[in-house]
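Scroll down for the structure; my scribbles are underneath it.
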Amino acid sequence: MENSQQIDSLDKKILSLITKNARIPFLEVARECKVSGAAIHQRIQRLMNLEVIKGSEFVINPAKIGYHTCAFMGIFLKKASLFDKVVEELKQIPQIVECHYTTGQYAIFIKIYAKNNEDLKRMLHDRLQSITGISATETIISLEETFKRQLPID
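As structure tokens, this is what we get:
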């Protein structure tokens, strides 16, 4: 059964509140939803078990810890069969924060942070382009993250 069929209006209200503020106390969510704190706790646990909620985290501002360059990179593979091996190598580079298996011209599309452009060039040359299975890369440097948001809760 699809998860969206298991989510009712109370779940949607809870999700709407906690995606706006992950640190909102359960009792405040309960007051907003007009149910008990225990009911909120049970609902959130159920949503986690259904994998509707994948977790919660503190979001670090990369620039505040010295990462001033954000880039997206399309990766071409020598052979499609090398995908898993290449991904395992990419996982060893902590500055890669997202990795997607894609359609279109790239086999893999990543998001990577670097201290500056020189650091990005060094990572490209020393780490990425030396991975067996990668035939070429194309890099797009982000000038600014204009916005980032969660999907709306319908």
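In the UniProt record's numbering, the protein residues as written are 1 to 154. Glycine included, every Cβ here is placed at the ideal spot set by N, Cα and C. All values derive from a computational prediction rather than experimental measurement.
Shortest Cα-Cα distance from S135 to any of T69, G74, A30 and I7 involves G74. About 6 Å separates the CB atoms of C33 and L10; that is less than 8 Å, so the two are in contact. Going by DSSP, L120 is part of the alpha helix (DSSP H) stretching over N117 to M123. Taken atom to atom, the span from the alpha-carbon of D119 to that of Y106 is near 23 Å.
Just so you know, the alpha carbons of L77 and M123 end up roughly 18 Å apart. Counting every other CB atom within 10 Å of its CB across the protein chains shown gives V29 a total of 16 or more, marking it as buried. Note that the C-beta distance between I131 and E89 is below 7 Å.
Under a 10 Å Cβ-count criterion, T146 is classified as exposed, with fewer than 16 other Cβ atoms of the shown protein chains found around its own Cβ. Taking every protein chain shown into account, the CB of V59 has fewer than 16 other CB atoms within 10 angstroms, so this residue is exposed.
For the region 61–142, the continuous beta strand (DSSP E) assignments of 3+ residues that do not extend past its boundaries occur at 69–77, 96–101, 108–114 and 134–142, in sequence order. Between the C-alpha atoms of R43 and I153 there is a straight-line separation of about 16 Å.
Counting every other CB atom within 10 Å of its CB across the protein chains shown gives G133 a total of 16 or more, marking it as buried. Of all alpha-carbon atoms in T69, K13 and I93, the one lying nearest the alpha-carbon of D126 is that of I93.
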